[in-house]
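K.L.:
So the protein lines, in turn, are chains E and U.
The numbers in our numbering rise by one with no breaks, and the one at position 138 of the first sequence is 138.
The numbers in our numbering rise by one with no breaks, and the one at position 92 of the second sequence is 1092.
All residues carry an ideal CB built from backbone N, CA and C; glycine is no exception.
2 protein chains.
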Amino acid sequence: MEQRLSLVSLGVADVAAATAFYERLGWQRSQANSNEHITFFQLGGIILGLYGGQALADDIGIDYSDRLGFNGVTLAFNARSKDEVDAVLAEAKAAGANIVKAAEDVFWGGYSGYFADPDGHHWEVAWNPFFPISDDGAITLPE
Amino acid sequence: MEQRLSLVSLGVADVAAATAFYERLGWQRSQANSNEHITFFQLGGIILGLYGGQALADDIGIDYSDRLGFNGVTLAFNARSKDEVDAVLAEAKAAGANIVKAAEDVFWGGYSGYFADPDGHHWEVAWNPFFPISDDGAITLPE
């Protein structure tokens, strides 16, 4: 198995509502590939999908129950500065996100906060001076 | 908020055990950045982290309960052929994964199956003839 990831799919209660949230963050969905059942966003070299939680569970063939609390996965957006962390969290709040943890200096030397999207998926917004981000947004672990 | 994703973090019961699973798939962790508390894998332009589920919840400041069933998120590995899908699922099973859904032809024109890693995180292994994969592993939504 090559060492790579192709898609992250988030189970959501309402695809249109979830899509509208990410569009309020300024993201553009793929018009050619999205429809009423699924939305795709190109994120660099991978793809984010928004798909009904029940449909996603059905696709796997497992039970779906509305999730309560923490689902054991976080996605992270690494910003280029502390100021950008604050700006992104403010933008997310304005778009309808729940600010779960205000940004603060953290033990590993960065600055980080969390928001939950309307379906409860957790995004960390972090400034990490040790993990370089290229102009095209790719992030690279230091040698 | 730029349209990109930096890290995916998976909450796991035992970082060493979870790391060993992904290493059995042939992946190499970042020696320089991993330690007993966290493991990082470089996946193209993003990073996958394995971190204790309780520690991940503590980092956010929310409750953690052992997850049962489906957590509402799937990760996908897109293969370059149907044969590669079968090979990757076999490799995952040999590494200790649970094959949740055997690969089969699916309604959208591809071929797909699912495995769950030892912590219950679901990976789809799919051949999708409509989403091109470059030599470096990046996947691109068609125009």
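From U/V1100 to E/I139, what does the alpha carbon distance come to, in whole angstroms?
P.N.:
As a working mapping, residue 1100 of chain U is identified with position 100 in the second sequence. As a working mapping, residue 139 of chain E is identified with position 139 in the first sequence. Rounded to the nearest angstrom, the two C-alpha atoms are 32 angstroms apart.
K.L.:
Which residues in the same chain as U/D1105 place their Cβ atom closer than 7 angstroms to its Cβ, once the five residues preceding and following it in sequence are excluded?
P.N.:
Position 105 of the second sequence, counting from 1, holds the residue named residue 1105 of chain U. Only Y1111 meet the Cβ criterion.
K.L.:
So which residues of chain E does U/Y1111 contact, with C-beta pairs closer than 7 angstroms?
P.N.:
Position 111 of the second sequence holds residue 1111 of chain U. Those do not exist, as U/Y1111 stays about 13 angstroms from chain E at its closest Cβ, beyond 7 angstroms.
K.L.:
For the segment 1034-1060 of chain U, enumerate the residues whose C-beta is nearer than 7 angstroms to any C-beta of chain E, in chain order.
P.N.:
Within the segment 1034-1060 of chain U, the qualifying residues are F1040, F1041, Q1042, L1043, G1044, G1045, I1046, I1047, L1048, G1053, L1056, A1057, I1060.
K.L.:
Within the same chain, show all residues whose beta-carbon is closer than 7 angstroms to that of E/V88, passing over the 5 residues directly before and after it, in chain order.
P.N.:
The residue given as residue 88 of chain E occupies position 88 in the first sequence. Closer than 7 angstroms at the Cβ level, and outside the excluded window around E/V88, lie F77, A79, V125.
K.L.:
Output the boundary residues of the beta strand (DSSP E) element that contains U/R1102.
P.N.:
Walking along the second sequence from the start, residue 1102 of chain U turns up at place 102. Looking at the sequence itself, residue 1102 of chain U is Ala, so the reference to Arg does not match. Taken as a continuous stretch (DSSP letters only), the beta strand (DSSP E) holding U/A1102 covers 1098-1105.
K.L.:
Measuring CB to CB, does E/Y51 end up less than 9 angstroms from E/D117?
P.N.:
Within the first sequence, the letter at position 51 stands for residue 51 of chain E. Within the first sequence, the letter at position 117 stands for residue 117 of chain E. Contact flag unset, no.
K.L.:
For the beta strand (DSSP E) containing U/F1077, name the first residue and the last one.
P.N.:
Indexing the second sequence from 1 puts residue 1077 of chain U at position 77. U/F1077 -> beta strand (DSSP E) spans 1073-1079.
K.L.:
Please classify U/H1037 as buried or exposed, where buried requires at least 16 neighbouring CB atoms within 10 angstroms.
P.N.:
Position 37 of the second sequence, counted from the start, is the residue given in the question as residue 1037 of chain U. Flag for U/H1037 reads exposed.
K.L.:
Compare the Cα-Cα distances from E/T74 to each of U/M1001, U/L1141, U/V1008 and report the closest residue.
P.N.:
In the first sequence, counting from the first residue as 1, residue 74 of chain E sits at position 74. It is U/V1008 whose Cα lies nearest to the Cα of E/T74.
K.L.:
Between the beta-carbon of E/W123 and the beta-carbon of E/V85, is there less than 9 angstroms?
P.N.:
Within the first sequence, the letter at position 123 stands for residue 123 of chain E. Within the first sequence, the letter at position 85 stands for residue 85 of chain E. In this structure, E/V85 does not lie closer than 9 angstroms to E/W123 by Cβ.
K.L.:
What does U/V1088 touch in chain E if you count any residue whose Cβ is under 8 angstroms from its own?
P.N.:
Locating residue 1088 of chain U in the second sequence gives position 88, where the first residue counts as 1. Under the 8 angstroms cutoff, chain E gives M1.
K.L.:
Report, in whole angstroms, the separation of the C-beta atoms of E/A95 and E/L25, which I expect to be a contact under 8 angstroms.
P.N.:
Sequence index remark: in the first sequence, residue 95 of chain E carries index 95 (1-based). Sequence index remark: in the first sequence, residue 25 of chain E carries index 25 (1-based). Going by Cβ atoms, the distance from E/A95 to E/L25 rounds to 5 angstroms, so yes, they are a contact pair.
K.L.:
Between U/G1053 and E/G72, is the Cβ-Cβ spacing less than 9 angstroms?
P.N.:
Here residue 1053 of chain U refers to the residue found at position 53 of the second sequence. Here residue 72 of chain E refers to the residue found at position 72 of the first sequence. Yes, they are a contact pair.
K.L.:
Residues of chain U with CB closer than 8 angstroms to the CB of E/E23, please, in chain order.
P.N.:
Counting from one through the first sequence, the residue named residue 23 of chain E turns up at place 23. Result: empty, since nearest Cβ-Cβ is about 10 angstroms, beyond 8 angstroms.
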